[in-house]
Every structure is written in C-alpha cells, then in structure tokens.
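Using UniProt numbering, the first residue of the sequence shown is number 1, and each one after it goes up by one.
C-beta: ideal position from N, C-alpha, C; glycine also.
Report on the following structure.
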Amino acid sequence: MGKLRSFQIYLDNPQGIFWSGQHVTGRATVDLEAEMKMREIRLEFLGKARVHWSESHGSGKNRRTVHYTANELYFNNVVSVFGKGLSGGDEYALPPGQHTFPFSFVLPPSLPSSFEGGIGYVRYLVKGTIDRPWRFDDETVRPFTVLSALDLNQQPMAGNGAEATDSKNLCCLCCKSGPITGTIKINRIGYVPGESLYFEASAQNLSSRNCGMSANLEMVTTFHATMKSRTTTQVINTIPHRDIGPGDSDVWGGERFIVPPVAPSFLSGCNIIDVRYILKLVIDPSGPAFDLNVPVEVIIGTIPLQSAVQQYQQTLSSAPSAPPQVAMPAPSYNESILGPTNIRDEEQGEHTQGQLDFTPTYTYYNWSR
C-alpha cells in the first residue's frame with residue numbers, strides 16, 4: 001500500500017444502528033508510513049436506493065441486452081476534513097503517523113429502512129476519500145443500518161385474522177383426477193421479528209396421488225425500474241409436514257414460525273422497492289403437476305401490537321415464579337436472516353478499504369414462547 005498503512009472509518013455507535021433523525025458521529029483515521037501529498041481528505045455521507053437488472057432479448061445477431069434501472073437519493077453530504085476544502089490551496093502534505101478526523105451529521109427524518117435484495121437495495125454509508133494528484137484516489141467505506149418504525153398498532157388490519165382456501169384438479173393421463181384442497185388460517189396478521197406466528201392448516205386429497213404438505217414464510221419483493229417492474233420471491237423459512245395419501249385428509253394445528261430478523265413490510269419511504277411477506281401452505285402432488293399454493297399476507301413491523309404485548313404479560317404473570325409486574329422486553333437487534341452482501345459497486349476500485357461485506361440489522365423481540 002506504499003505510504004498509506006490504513007484508512008478507516010469508525011462509528012461511535014459500534015453496532016452501526018440508527019433511526020431516522022438521529023445523530024451519526026465517529027471518526028476517520030489515516031495512518032501514514034511517510035509524508036503523503038494530496039488535494040484533500042473528504043467524507044461523504046450517503047443514503048440512496050438503487051434497482052438494476054438486465055435482460056436479454058432476441059437471438060443471434062439481433063440479441064441485445066436491456067438494462068432496467070431506477071435510483072432514489074435520500075441525502076448526499078460531502079465535507080472536507082483536510083486540504084483544499086478548508087484553505088483553498090491545490091496540494092497539501094500530510095505528515096507520517098496517525099491522524100484522526102472526527103465527524104458528526106444528522107440523519108433526515110422519514111428514511112426507509114436499510115435493505116439488501118440482490119437486484120435492489122436501500123443503503124447508507126460514510127465514504128472517505130484521499131484525493132491524490134496524478135494517482136488513484138484511496139477510499140474507505142463504512143456502511144450502517146438505518147431503521148424506520150412500523151407500528152403495528154397503526155395498521156388497521158394487523159390485529160385481524162386471515163384465512164385462505166384453494167383447490168385444483170389433477171390430470172392423470174387423459175382423465176381428470178379428484179381435487180386437492182388446502183386451507184390455511186392465522187388469528188392475526190401483524191407480527192414483529194422474534195414473535196411466534198402460529199397457524200392452522202388442513203388439506204384434503206381426493207386425487208389418486210400422494211401429496212406432500214409444507215408451510216413457507218416468504219419475502220415477496222417488487223423492484224420498480226423506470227420502464228418495468230420485477231418481482232422476486234424468497235423462502236425465508238419452511239416447515240415440512242407428513243404426506244397425504246390418495247383419499248386422505250389432514251388437519252395441521254399448533255405449528256409456528258419464529259419471525260426472523262427481516263426488513264419491515266412495505267419499506268415505507270422507498271418508492272422503487274416494495275417488500276411484502278406471505279405465509280403459504282404448499283401441497284405438492286407426486287409426479288408431473290404444479291403445486292397448490294394457498295397464501296395469506298402477514299405484516300412484519302418494528303413495534304408490536306398492544307394486544308400481543310398484553311397476552312405476553314399475562315402468560316408470564318401466570319407462571320409460578322413470575323414477578324407481579326411484568327414489562328415487555330425491550331427489542332434487541334439481530335442481523336438479517338438473509339446474510340451479508342458485498343457492497344462494492346462500479347464506483348469503487350481496488351484502492352477501496354473498509355467494510356465491503358455488509359448485513360443490515362433489524363429489531364428483534366426475544367419473547368416468543
């Protein structure tokens with residue numbers, strides 16, 4: 001790395017988790033082995049959303065690739081902490097040793113929550129640049145999580161139950177087989193990460209085939225580009241059940257998912273990415289046939305329903321060893337179940353240091369029972 005030993009950005013909040021409107025404070029550090037000439041050291045505070053994917057159309061010589069893109073900029077503040085931005089000159093020398101440059105900025109209100117979704121993201125970071133004359137710039141990045149509150153008590157449907165039923169006929173050679181029918185039911189729609197999502201399901205198999213049965217919790221994300229939208233579905237958890245033989249039926253009750261740490265529903269504040277969650281009963285016939293999918297939508301928020309809190313308190317209060325007054329546990333923060341994403345983009349080259357693998361962090365209530 002030559003003269004530059006290290007160029008890093010540190011946040012005073014080591015978890016790197018913030019809510020809209022909060023102060024973000026920290027420091028950039030530069031460690032030099034020898035004097036380095038530069039134009040300036042600048043810090044960029046960036047919040048943006050981006051959607052991009054490509055599709056191939058045509059064939060042979062007429063084959064072409066079409067790119068679909070959309071961007072939203074929430075903030076982009078640039079400050080100079082050393083060099084021309086402070087004194088107006090053209091070139092400056094930073095002596096060898098360790099140098100620290102503190103920073104502070106305020107997040108705007110009503111920002112969307114951080115989200116990494118493959119072909120689209122909502123991303124927040126601090127980027128440092130050493131602007132060097134006649135050389136490649138040295139850069140470092142420190143991403144962080146921004147959370148936006150989704151209060152389930154403000155969602156009119158969150159406390160309501162939901163039920164869905166569907167059926168289909170299977171074809172066996174030239175003959176139509178009897179139908180398969182599935183039903184799934186939940187007693188409310190709204191949950192927070194860490195809660196138990198209980199469901200009941202039933203299936204009737206009047207076909208001549210064996211049918212598998214399972215339940216999925218799925219994230220359905222719609223990415224809106226300028227000229228087109230694209231929807232992806234990702235299974236974030238699944239629970240298998242026993243097979244159902246021809247002419248058989250089954251009732252599946254008392255099963256639950258623990259809602260994992262994921263972005264809140266809707267991704268409010270972002271106009272180019274929409275996030276929804278589906279609880280789906282899947283009945284899988286043996287042989288060549290499409291699955292029967294029976295979905296109900298659930299809402300995942302950051303603030304739980306008051307009715308769910310009261311039920312939690314009553315459950316703990318009924319335990320012999322429970323204290324007479326029980327408060328709702330404060331939320332903790334867990335990394336997204338979807339795992340890390342490499343955030344290096346087309347603007348960042350081999351001279352970029354810092355945290356290039358990033359996992360957003362979300363609220364999590366460790367109170368499921």
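message = Helix, strand or coil, according to DSSP, for Q353 in the structure here?
response = Assignment of Q353 by DSSP, reduced to helix, strand and coil, places it in the strand class.
task = Compute the beta-carbon to beta-carbon distance between I119 and F223, rounded to the nearest angstrom, for a pair I have assumed lies under 8 angstroms.
result = 6 angstroms
key: CA-to-CA distance, H67 to S54, given in whole angstroms   = 4 angstroms
ask   = Would the C-beta of H23 count as close to the ligand GTP, meaning under 8 angstroms from any of its heavy atoms?
value = Among the ligands in the structure shown, none appear at all, so the ligand GTP cannot be discussed.
ask   = Taking C-beta to C-beta, are D137 and V294 nearer than 9 angstroms?
value = no
task = With a floor of 3 residues, list each beta strand (DSSP E) that falls wholly inside the stretch 116 to 201, ordered by position along the chain.
result = 120 to 131, 138 to 147, 162 to 172, 175 to 186
query = Apart from the five residues just before and just after N334, which ones in its own chain have a Cβ nearer than 6 angstroms to its Cβ?
reply = P261, Y364
Within 9 angstroms, strictly: CB atoms of E116 and S265 = no
Helix, strand or coil at N76 according to DSSP, with G and I counted as helix = strand
Which of helix, strand or coil DSSP assigns to K280 = strand
inquiry  = Quick check: what's the CA-CA separation for F290 versus N187?
reply    = 28 angstroms
message = For V326 and S268, what's the separation of their Cα atoms in angstroms?
response = Residue placement at V326 is poorly supported in this model, since its pLDDT is 44, which falls under 50; the coordinates are not used for a value here.
task = Would you tell me roughly how many angstroms separate the C-alpha atoms of G190 and L356, rounded to the nearest one?
result = Approximately 34 angstroms, taken between the alpha carbons.
Pairwise C-alpha distance: C270 and I343 = Spanning the alpha carbons of I343 and C270 requires a straight line of approximately 19 angstroms.
message = Alpha carbons only, please: which of G254, I278, Q311, K168 is nearest the one belonging to D284?
response = When each option's Cα is compared against that of D284, the closest is K168.
query = How many Å lie between F101 and H241 at the Cα?
reply = 57 angstroms
ask   = When burial is assigned at 16 or more other CB atoms within 10 Å of the CB, is V141 buried or exposed?
value = buried
inquiry  = Suppose the cutoff is 6 angstroms on Cβ atoms and the five residues either side in sequence are ignored; what does the same chain contact list for T352 look like?
reply    = E139
inquiry  = Taking 9 angstroms as the threshold (C-beta atoms), are T233 and M219 in contact?
reply    = yes
task = Locate the beta strand (DSSP E) running through M36, then write down its first and last residues.
result = 36 to 38
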